[in-house]
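Using full-length UniProt numbering, the letters of the sequence shown correspond one by one to residues 1 to 281.
Note sheet for the following structure.
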Amino acid sequence: MDEFFEQVEEIRGCIEKLSEDVEQVKKQHSAILAAPNPDEKTKQELEDLTADIKKTANKVRSKLKAIEQSIEQEEGLNRSSADLRIRKTQHSTLSRKFVEVMTEYNTTQSKYRDRCKDRIQRQLEITGRTTTNEELEDMLESGKLAVFTDDIKMDSQMTKQALNEIETRHTEIIKLENSIRELHDMFVDMAMLVESQGEMIDRIEYNVEHSVDYVERAVSDTKKAVKYQSQARKVTALSSYYCQAGKTRRNIHKKIFHPLCNNHSKQQEIDCTAAVLNEPC
């Protein structure tokens, strides 16, 4: 299990790095959107981050797949042990965390695309070209930006700046969509994995909760048993004491009174003996 836990720590570290990189991507998006024509350094930093995220995500996915396959092999041999349950739980926990981080990354990309699209639409309005959301989406999907810009007259500096920004945002959207497309299969694969593990995790949580309840009841029952046993010992001790005391008193009575009874009739002897035996303690 030591080797397995080393893998777990490595995967957890990669997921934490992914989370940090996603936060950096958000900052780069804000910086690029804040400038009509972002500098090449900022755009390159964003591309490097995107490449790192893709590389790390693929690494995590491969390692999770390897763990999944080893679990399936053990299950195929009908092995069931505490170690196997631990591996299943760790694998499921890491998979869920991985999907959470990558989903956040996907959400970040989608928001960035929407903001780039809004900027394109505003810049088109500056040039005098009004478009609907549907028309703009068609243009972005086809990649035919010229359909909207060819007939725009370059009659002012503002129009030139607007066209430059339109081209910049369009380029950003193309890069973004390529990145989303590259990770699409991974998103689908990991999402399906986590969904299939959902029932297993629910069962584990159910068993843990009921195990806790069982232990609590067992502790309570044990305390009651100890209490009852203690009370039973007291009752037994008292009974023994009173029984012994009764015997002693009867013996004393016999020694004192029985000789006297010998001088009486048979019926008187019986009455005398009964009195001795039945006398209260």
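All residues carry an ideal CB built from backbone N, CA and C; glycine is no exception.
Anticipated Cβ contact below 8 Å, residue i with residue j, distance rounded
i    : j    : result
R119 : R169 : 5 Å
K59  : C116 : About 29 Å; that fails the 8 Å criterion.
Q123 : T131 : Their Cβ separation, rounded to whole angstroms, is 11 Å, which puts Q123 and T131 out of contact at 8 Å.
V8   : Q90  : 5 Å
R12  : L77  : That pair is no contact at about 28 Å.
C-beta atoms of residue i and residue j nearer than 8 Å
i           : j    : result
E45         : Q28  : yes
I53         : K43  : no
residue 284 : M102 : The structure shown does not extend to residue 284, since the chain spans only 1 to 281, so no value can be given for it.
L136        : I173 : no
P36         : E165 : yes
N106        : F187 : yes
M1          : D83  : yes
Which of helix, strand or coil DSSP assigns to residue i
i    : result
N58  : helix
R122 : helix
A35  : coil
L77  : coil
R169 : helix
T103 : helix
G13  : helix
M1   : coil
T42  : helix
T50  : helix
T93  : helix
T132 : coil
T108 : helix
K266 : A caution first: K266 carries a pLDDT of 46, below 50, which makes its placement in the model unreliable, though a value can still be read off. The answer is helix: DSSP assigns K266 an H, G or I state.
Exposure label - residue i; buried when at least 16 CB within 10 Å
i    : result
L64  : buried
S92  : buried
K55  : exposed
K88  : buried
T127 : buried
A57  : buried
T171 : exposed
R61  : buried
A162 : buried
E6   : exposed
N278 : Caution applies to N278, whose pLDDT of 47 falls short of 50 and renders its modelled position unreliable; the value that the coordinates give is listed next. The residue in question, N278, is exposed, as its Cβ has fewer than 16 Cβ neighbours within 10 Å.
E10  : exposed
Touching by the beta-carbon criterion (3+ pairs, under 8 Å), the segment 66-74 and the segment 18-28 = no
query = Hey, is the segment 110-126 in contact with the segment 165-182, meaning 3+ C-beta pairs nearer than 8 Å?
reply = yes
ask   = Touch check for the segment 97-107 and the segment 4-18: three-plus C-beta pairs under 8 Å?
value = yes
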